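Number of protein chains: 2
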Amino acid sequence: MAKSFIVADVGGTHIRVARFPVQSQKPTVVKRINTVGPDSPHDRLLNLIAKVIPNNEEIAAITVAAPGPLDPFAGMVYEAPNIPSWVNLPLRKLIEDQFHVPVAIGNDANLAALGEWRFGAGIGHRSLIYITVSTGIGGGVIIENQLLLGERGLAAELGHITIIPDGPLCGCGQRGHLEAVAAGPAIASWMEQEISQGIPSSLSDRKPITAKDVAEAANQGDELAKAAIARSATYVGTAVADFLHIFNPTLVIIGGGVSQSGEDFLNPLRTAMNEHVMSKHYLDNLTLTISALGDDVGLMGALALAETLNHSKT
Amino acid sequence: MAKSFIVADVGGTHIRVARFPVQSQKPTVVKRINTVGPDSPHDRLLNLIAKVIPNNEEIAAITVAAPGPLDPFAGMVYEAPNIPSWVNLPLRKLIEDQFHVPVAIGNDANLAALGEWRFGAGIGHRSLIYITVSTGIGGGVIIENQLLLGERGLAAELGHITIIPDGPLCGCGQRGHLEAVAAGPAIASWMEQEISQGIPSSLSDRKPITAKDVAEAANQGDELAKAAIARSATYVGTAVADFLHIFNPTLVIIGGGVSQSGEDFLNPLRTAMNEHVMSKHYLDNLTLTISALGDDVGLMGALALAETLNHSKT
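So the sequences go chain by chain: A and B. For the first sequence, counting from 1, position 251 maps to 251 in the working numbering; every step adds exactly one. Here the working numbering = 1-based position in the second sequence + 1000.
This is the structure:
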């Protein structure tokens, strides 16, 4: 009998669920729903999963990419920055109890790294780092073909390293982390601050400004918007040099909304990385690139996780 | 016939070579020589190895812990900060050509982590980070019982992450790295600077001041010396919080000369680490401790490497 994987990607605004035939990378169904609604986000997730499960097919596994910090070994979401009601949520058990099949959950940025390694920009690389820059900054690391998880599954939080001691407040409550100085909100607030000081920009009359506004203005040649994006990219590039010293990978993948600025983001990132690396040997055979899977990276990461689950169970 | 491992630890001031019977952790011979002398450091190493090789015993492997950056896969030392003549030195080949047995070399701080994991403070831990604070700051990381090497063996340079952007010059040529603000020379120069501004200390008449002087003065109650050590430990503790976010280990081991200050160093380190961690879950089951192997950590790390070499060859 044909078997399928059910994979889900839970974000702050949307939940997506897809069904993939085992050994296929083309989904037969993809459904999407808002994360917030009359019922709880996990009830909405469970209902959407039920909708994509076929009547006459066996389900090999269900996997979920979810915001962290979460413990993939315990199947527990400790807290989800954009889903306030998810605190110490036993997500794996909720799904297992309803569907009675093997279930695994993973941090969305970790699984994005796994997805890129298995199906995307990371194919053929043994060691890579993935950094997603959007509302927050998340990370995922592959070392010798293994996902770095750490002892409680909390590793690879690459957005939460100190860049400016006692710098701006970070979403995590600490100060001066990479996320606090380089993620979307930092780009937007720097832009607003410069405009308030009289620096000219096509966004002068816009308030509030979003990171997406800045990216679009930069695309259309706005110099201040380009500077805002370059400033973020320079911070990320300096941090990437540190990560090269730590992991010595052959590939760095940049994902998330901000990466859609393409070379406007990659160029200053590359310059800062090259300037801050302690030995040119770290740049030997190193590739810097944009995510190949784009918006599907969460689903494809969950699919890669489902494969490993299927292998370990059979 | 009895077999032996020959292991060496090459430092900036001394070379040590020991012979261990296979499956023993007690050396039968240890010899030591100055690194600098009339002949080259590698000739001195080769001669010392020859002296500890027994006439009637087979040698299973020769391993060397050496200063980095070095490529353990190519057996090549790129450069050694304290041994200026070692630039692109094919150290493994030099030893193989003379002794015709399996040879491996490793970065000294990486092998220290391996040694602590196999024989010292890290026994029973799957994931740990080792940080050595002395003239420089080196690192080693064990992830799921494997040494983190990176694609060219250049990973785990934990002393070379940016702590203060555009901060003091680092030994590697970059600025504001952990090594530049927290290693022995930074401790000594901060002490000299405070004294030159009239802050009282038992070391007021000493010039130049070394990190060892500061440690001894702190031991005898000198408040300024204690502050100098606490300042370094605070930087290291902030960086350790970042490393917890990156690796989520169960053990942090502090080695090197500065760690001999014991709780004078560990207390402020622990305080900074606890303050800067983004979630208390990173502290669950986490142990912070001093190196158990002390001055022998390089030899014991080389011994652990020799064991893996022996297993992979048989």
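Each residue gets a CB set at the ideal place from its N, CA and C atoms; glycine is no exception. Because the structure is a prediction, the values reported are computed rather than measured.
With C-beta atoms as the reference, is residue 149 of chain A less than 9 Å away from residue 1285 of chain B? As a working note, residue 149 of chain A is residue 149 in the first sequence. As a working note, residue 1285 of chain B is residue 285 in the second sequence. In this structure, residue 1285 of chain B does not lie closer than 9 Å to residue 149 of chain A by Cβ.
According to DSSP, is residue 4 of chain A helix, strand or coil? Within the first sequence, the letter at position 4 stands for residue 4 of chain A. Strand, per DSSP.
Run down chain B in chain order and give the residues with a C-beta less than 8 Å from the C-beta of residue 20 of chain A. Translated into the one-based positions of the first sequence, residue 20 of chain A becomes position 20. Result: empty, since nearest Cβ-Cβ is about 28 Å, beyond 8 Å.
Residue 13 of chain A and residue 35 of chain A: beta carbons closer than 9 Å? By 1-based counting over the first sequence, the position of residue 13 of chain A is 13. By 1-based counting over the first sequence, the position of residue 35 of chain A is 35. Cβ atoms of residue 13 of chain A and residue 35 of chain A: closer than 9 Å.
Please name the residue in B/1264, B/1230, B/1090, B/1048 whose C-alpha comes closest to that of residue 1068 of chain B. Reading the second sequence from its first residue, position 68 is the one you call residue 1068 of chain B. Minimum Cα distance to residue 1068 of chain B is reached at B/1090.
Just checking, does the region 1099-1110 of chain B make contact with the region 1209-1226 of chain B on the three C-beta pairs under 8 Å criterion? no
Evaluate the contact criterion for the region 176-183 of chain A versus the region 157-165 of chain A: three or more CB pairs, one atom per stretch, below 8 Å. yes
Would you say residue 1315 of chain B faces chain A, with C-beta separation under 9 Å as the test? Absent from the structure is residue 1315 of chain B, since the part of chain B shown begins at 1001 and ends at 1314.
Reduced DSSP category for residue 1031 of chain B - H, G, I as helix; E, B as strand; rest coil: Here residue 1031 of chain B corresponds to residue number 31 of the second sequence, with the count starting at 1. Strand at residue 1031 of chain B.
Just to confirm my understanding: we take residue 1003 of chain B, look at its own chain, exclude 5 residues before and 5 after, and list those with CB closer than 6 Å. What are they? Residue numbering aside, residue 1003 of chain B sits at position 3 when the second sequence is read from its first letter. Same-chain partners within the cutoff: 1022, 1058, 1060.
Proximity to residue 243 of chain A [Cα-Cα], best of A/30, A/83, A/185, A/157: Residue mapping note: residue 243 of chain A aligns to position 243 of the first sequence, counting from 1. Out of A/30, A/83, A/185, A/157, A/157 has the C-alpha closest to the C-alpha of residue 243 of chain A.
Please compile the residues from chain A whose C-beta is within a distance smaller than 9 Å of the C-beta of residue 1174 of chain B. Sequence index remark: in the second sequence, residue 1174 of chain B carries index 174 (1-based). Here the neighbours are 241, 275, 276, 277, 278.
Simplified DSSP state of residue 1058 of chain B, which is helix, strand or coil: One-based indexing of the second sequence puts residue 1058 of chain B at position 58. If DSSP states are grouped into helix, strand and coil, residue 1058 of chain B belongs with the strands.
Residues of the region 1241-1271 of chain B with a CB closer than 9 Å to any CB of chain A: list them in chain order, please. 1241, 1242, 1243, 1244, 1245, 1246, 1247, 1248, 1249, 1250
Listing by chain order, which chain B residues have their CB less than 7 Å from the CB of residue 100 of chain A? Counting from 1 along the first sequence, the entry for residue 100 of chain A is found at position 100. Residues of chain B passing the Cβ test: none, with the nearest at roughly 29 Å.
Taking C-beta pairs closer than 8 Å, name the residues in chain A that residue 1142 of chain B reaches, listed in chain order. Position 142 of the second sequence, counting from 1, holds the residue named residue 1142 of chain B. Under the 8 Å cutoff, chain A gives no residues; its nearest Cβ is about 11 Å from residue 1142 of chain B.
Against chain B, with Cβ distances strictly below 9 Å, would residue 313 of chain A count as a contact? By 1-based counting over the first sequence, the position of residue 313 of chain A is 313. Unreliable positioning characterises residue 313 of chain A in this predicted model, as indicated by a pLDDT of 48, which lies under 50. A coordinate reading is not provided.
Give me the Cβ distance between residue 1112 of chain B and residue 1140 of chain B, rounded to the nearest whole Å; I'm assuming they're in contact under 8 Å. Counted from its first residue, the second sequence places residue 1112 of chain B at position 112. Counted from its first residue, the second sequence places residue 1140 of chain B at position 140. Confirmed, about 6 Å.
Taking buried to mean at least 16 other C-beta atoms within 10 Å of its own C-beta, is residue 87 of chain A buried or exposed? Taking the first sequence and counting its residues from 1, the one referred to as residue 87 of chain A is at position 87. Exposed, since its Cβ has fewer than 16 Cβ neighbours within 10 Å.
How long is the line joining the alpha carbons of residue 1245 of chain B and residue 133 of chain A, rounded to whole angstroms? Locating residue 1245 of chain B in the second sequence gives position 245, where the first residue counts as 1. Locating residue 133 of chain A in the first sequence gives position 133, where the first residue counts as 1. Answer to the nearest angstrom: the Cα atoms are 17 Å apart.
Determine the contact status of residue 272 of chain A and residue 238 of chain A, defining contact as a CB-CB distance below 9 Å. By 1-based counting over the first sequence, the position of residue 272 of chain A is 272. By 1-based counting over the first sequence, the position of residue 238 of chain A is 238. Contact: yes.
Would residue 1039 of chain B be called buried (16 or more neighbouring beta carbons within 10 Å of its own) or exposed? Working through the second sequence from its first residue, we reach residue 1039 of chain B at position 39. Under this definition residue 1039 of chain B is an exposed residue.
CA-to-CA distance, residue 1071 of chain B to residue 275 of chain A, given in whole angstroms: By one-based count along the first sequence, residue 275 of chain A stands at place 275. By one-based count along the second sequence, residue 1071 of chain B stands at place 71. Cα to Cα, the separation comes out at about 22 Å.
Compute the distance between the beta-carbons of residue 1300 of chain B and residue 1025 of chain B, then report whether it is under 9 Å. Position 300 of the second sequence, counting from 1, holds the residue named residue 1300 of chain B. Position 25 of the second sequence, counting from 1, holds the residue named residue 1025 of chain B. Cβ atoms of residue 1300 of chain B and residue 1025 of chain B: closer than 9 Å.
Within this structure, are the beta carbons of residue 1033 of chain B and residue 1046 of chain B separated by less than 9 Å? Within the second sequence, the letter at position 33 stands for residue 1033 of chain B. Within the second sequence, the letter at position 46 stands for residue 1046 of chain B. Cβ atoms of residue 1033 of chain B and residue 1046 of chain B: not closer than 9 Å.
Would you say residue 2 of chain A faces chain B, with C-beta separation under 9 Å as the test? The residue you call residue 2 of chain A lines up with position 2 of the first sequence. No, because no Cβ of chain B sits closer than 9 Å to the Cβ of residue 2 of chain A.
I'd like to know if residue 1296 of chain B contacts chain A, where contact means its C-beta is closer than 9 Å to some C-beta of that chain. Counting from 1 along the second sequence, the entry for residue 1296 of chain B is found at position 296. Not an interface residue.
Going by CA-CA distance only, name the one from A/138, A/218, A/6, A/73 that's closest to residue 52 of chain A. Residue mapping note: residue 52 of chain A aligns to position 52 of the first sequence, counting from 1. For the residues A/138, A/218, A/6, A/73, the minimum Cα distance to residue 52 of chain A belongs to A/6.
CB-CB length for residue 1182 of chain B against residue 1203 of chain B, believed under 8 Å: Working through the second sequence from its first residue, we reach residue 1182 of chain B at position 182. Working through the second sequence from its first residue, we reach residue 1203 of chain B at position 203. Residue 1182 of chain B to residue 1203 of chain B, Cβ: 19 Å. No contact.
For residue 1284 of chain B, which residues in chain A fall below 7 Å Cβ to Cβ? Counting from 1 along the second sequence, the entry for residue 1284 of chain B is found at position 284. Correct list: 152.
Every unbroken beta strand (DSSP E) inside the region 1111-1147 of chain B [3 residues or more]: 1128-1133, 1137-1143
Rounded straight-line distance, which links the Cα of residue 62 of chain A to that of residue 314 of chain A: Against the first sequence, residue 314 of chain A aligns to sequence position 314. Against the first sequence, residue 62 of chain A aligns to sequence position 62. Reliability of the predicted coordinates at residue 314 of chain A is poor, the pLDDT of 42 falling under 50, and no value is obtained from them.
Between residue 1283 of chain B and residue 1236 of chain B, is the Cβ-Cβ spacing less than 9 Å? Counting from one through the second sequence, the residue named residue 1283 of chain B turns up at place 283. Counting from one through the second sequence, the residue named residue 1236 of chain B turns up at place 236. No; because the gap between Cβ atoms is not below 9 Å, this pair is not in contact.
Any idea what DSSP makes of residue 1246 of chain B, helix, strand or coil? Walking along the second sequence from the start, residue 1246 of chain B turns up at place 246. It is helical.
With 16 other Cβ atoms within 10 Å as the buried cut-off, status of residue 209 of chain A: For the purposes of this step, residue 209 of chain A is taken as residue 209 along the first sequence, with counting starting at 1. Classification of residue 209 of chain A: buried, given that the 10 Å Cβ count is 16 or more.
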